[in-house]
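Chemist:
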Amino acid sequence: MLSRLRSFTKFLLKWFLITALSLLILLMLCIEGFDRYLATERGIRWMFSEVQAGHFDVRYTPEGLRYLSLGDTQKPALLMIHGAPGSAIDWLNFSSQSRIFKHYRLLLVDRPAYGGTQMREPEPSILENAALLQNIIQSEPDSTVTVLGHSYGAPIAMILGALDSTKIKRIIASSGQYDPENEIIFNISHMIKYPIFKYMMPYMFWVSNEEKMAHPKACREALPYYSRVKAKVDLIHGNADGLVLYENASFIQALLTTKNQLITLKGFGHFLPGVAVDFLVDFTISDQTTPPQKTIKQ
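The opening position of the sequence shown corresponds to residue 175 in the working numbering, with each subsequent residue numbered one higher.
Here is the structure:
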């Protein structure tokens, strides 16, 4: 009787593992398939079909970076840079707040190897990312551009301010990682760094891990540029961020020589474009020098 029970338990465990693995593979395939659909113009237009922007255009830089232009072309530009992994759809909730289009035209970019960008190799360098995005800014007719970057996109936004001090008037940096010596890298990142995993998981996850493993080096390369930023800088960071430590905000403040301020979102985690979208939209359109409170509670 005991041996039969053991055999039945092994049988259940075997099929449980097979089922779990099959579901995991199916999930990975669904994520990859959906990401590839959004990389098409039809897919990205469908994703943003309910956004009340008026004008919607899909554009490419000469290097193949894809970016979306949403809103009145006569409005000032707001360039938005996603983190890792990510794409232009990270800003879908932000774009769905119709009041933003009374003040800005949004430029939502897919960074190298993400979304519909035609450059499919990872580009871990913060400096190279900024140089590629600079072409978007230089093609804009506006004399001034606001840049909003989240997570990995935040230091890229900063470097853009160092590279192009004439057009960029304001930088909003959300949950940014700047300190090369104080970065969280989970054990799984070391496990999946080998090339074989490029074919075993959604491509955007592999690209993100490639960026993550090279990020401390990329942060070190960026350090000398922060003192060259001339635009006004607004730093926004949740003090409960478990992915990018809150101390990164004070680290970058010590390096900036331009006018800057830190807004602490008390109790908030990392993905502010999702959980604090109302605050981000209102703060972006306010363009105020000093917010009502430097510490905002959830």
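Cβ atoms here follow ideal geometry from the backbone N, Cα and C, with glycine treated the same way.
May I ask you to report which of helix, strand or coil DSSP gives Met221?
Modeler: helix
Chemist: Helix or strand or just coil, what does DSSP make of Met254?
Modeler: strand
Chemist: Just to confirm, are Ile263 and Met332 a CB contact at a threshold of 7 Å?
Modeler: no
Chemist: So, using beta-carbon positions, are Glu297 and Asn303 closer together than 7 Å?
Modeler: yes
Chemist: Is the number of C-beta pairs between the stretch 358–373 and the stretch 338–350 that are closer than 8 Å three or more?
Modeler: As far as the Cβ criterion goes, the stretch 358–373 does not touch the stretch 338–350, which means the pair count is below three.
Chemist: Starting from the C-beta of Gln292, find all residues in its chain whose C-beta is less than 6 Å away, skip the five residues before and the five after it, and write them out in chain order.
Modeler: Gly238
Chemist: For Ala194 and Leu186, what's the separation of their Cα atoms in angstroms?
Modeler: 12 Å
Chemist: For Gln435, does the three-state DSSP call read helix, strand or coil?
Modeler: strand
Chemist: Going by C-alpha to C-alpha distance, which of Ser317, Val321 and Pro315 sits closest to Leu307?
Modeler: Comparing Cα-Cα distances from Leu307 to each of Ser317, Val321 and Pro315, the minimum goes to Val321.
Chemist: Determine the burial state of Phe190: buried for a count of at least 16 other Cβ atoms within 10 Å of its Cβ, exposed for fewer.
Modeler: exposed
Chemist: Return yes when the Cβ of Val319 is within less than 7 Å of the Cβ of Ala251, no when it is not.
Modeler: yes
Chemist: With DSSP run on the structure shown, which of helix, strand or coil describes Asp231?
Modeler: strand
Chemist: Roughly how far, in whole angstroms, is the beta-carbon of Pro447 from the beta-carbon of Trp265, given that I think they are within contact range, below 8 Å?
Modeler: Pro447 to Trp265, Cβ: 6 Å. Contact.
Chemist: Among the residues of its own chain, which have a CB less than 7 Å from the CB of Met378, if the five just before and after it don't count?
Modeler: Asp209, Pro259 and Tyr288
Chemist: Tell me, which residues are paired with Ile358 by DSSP?
Modeler: Per the DSSP secondary-structure output, Ile358 pairs with nothing in a beta bridge.
Chemist: Determine the closest residue to Lys404 out of His277, Lys433 and Glu385, with distance taken between C-alpha atoms.
Modeler: Lys433
Chemist: Use the C-beta contact count for Tyr368: other C-beta atoms within 10 angstroms, 16 or more gives buried, fewer gives exposed.
Modeler: Around the C-beta of Tyr368, fewer than 16 other C-beta atoms lie within 10 Å, and the residue is accordingly described as exposed.
Chemist: From the DSSP output, in three-state form, read off Ser363 for me.
Modeler: helix
Chemist: Take Asp231 and list the residues in its own chain whose beta-carbon comes closer than 6 Å to its own, dropping the five residues that flank it on each side.
Modeler: Ser243
Chemist: Would you mind sorting Pro236 into buried or exposed? The rule is 16 or more other CB atoms within 10 Å of its CB.
Modeler: exposed
Chemist: Just checking, does the stretch 197–208 make contact with the stretch 274–289 on the three C-beta pairs under 8 Å criterion?
Modeler: no
Chemist: In terms of DSSP beta bridges, what is Asp408 paired with?
Modeler: Ile346 and Gln435
Chemist: Compare the C-alpha of Ile358 against each of Arg344, Tyr420, Ile370 and Gly335 and name the closest.
Modeler: Tyr420
Chemist: If you follow the beta strand (DSSP E) that Arg240 is in, where does it begin and where does it stop?
Modeler: Arg240 to Leu244
Chemist: Return the residue from the list Ile330, Tyr373 and Thr431 that minimises the CA-CA distance to Lys406.
Modeler: Thr431
Chemist: When you compare each of Ile218, Ile410, Met202 and Ser261 to Val455 by their alpha carbons, which one comes out closest?
Modeler: Out of Ile218, Ile410, Met202 and Ser261, Ile410 has the C-alpha closest to the C-alpha of Val455.
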